[in-house]
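Trainee: In this text, residue positions in the sequence shown follow numbering that gives the first Met the number 0: the first is 0, and each later residue adds one.
Here it is: the structure, laid out below.
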Amino acid sequence: MKNDMKAAVSPMEMDVRIFPYREDGPVAAIASVTLNGCFAVRDVRIMEGKNGLFVSMPSRKVKGEYRDICYPCTKDFKQQFDQKVLEAYEQAQVQEAQKSPDPEGQEENGPTMAM
């Protein structure tokens, strides 16, 4: 029985966890994605490219070139996967911005000193 890879992809439950990446370079964050609560993909990278953010799957170097270790098999599922990861990244960015103090606001009000 042949598995038809072109079948329509139904929405899959995806739990995406974002881990900020603090080093210089094109990597904006690392994600772990759990699919339907039964398969996890770690080290998914959110990259900053010249055309904006994109998702890069875990890969390894084989004979001088990088090859994805795992990847979505259909265009539709790739779009779903990337969209979920990028939405989770954007949400994490908003949450991080809400947690961190506003340095501009601190300059205006400045720290006060009692004498």
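All C-beta atoms, glycine included, are put in the ideal place defined by N, C-alpha and C.
Note that this is a predicted model, so its numbers are computed, not measured.
1. On the premise that A39 lies in contact with V84, defined as a C-beta separation below 8 Å, what is that separation, rounded to the nearest angstrom?
2. Around the Cβ of I45, are there at least 16 other Cβ atoms within 10 angstroms (buried) or fewer (exposed)?
3. Let's test the definition: count the other Cβ atoms within 10 Å of the Cβ of Y88 and tell me whether it reaches 16, buried, or not, exposed.
4. Spatial neighbours of T111 within its chain, please: C-beta separation below 6 Å, excluding the five flanking residues on both sides.
5. Nearest to Y65 by alpha carbon, out of A91, Q94, S55?
Mentor: So, from the listed chains and residues:
1. Between A39 and V84 the Cβ distance is about 13 Å, and since that is not below 8 Å, they are no contact.
2. buried
3. buried
4. In this prediction, T111 has a pLDDT of 44, which is less than 50 and means its spatial position is unreliable; nothing more can be read from the coordinates.
5. S55
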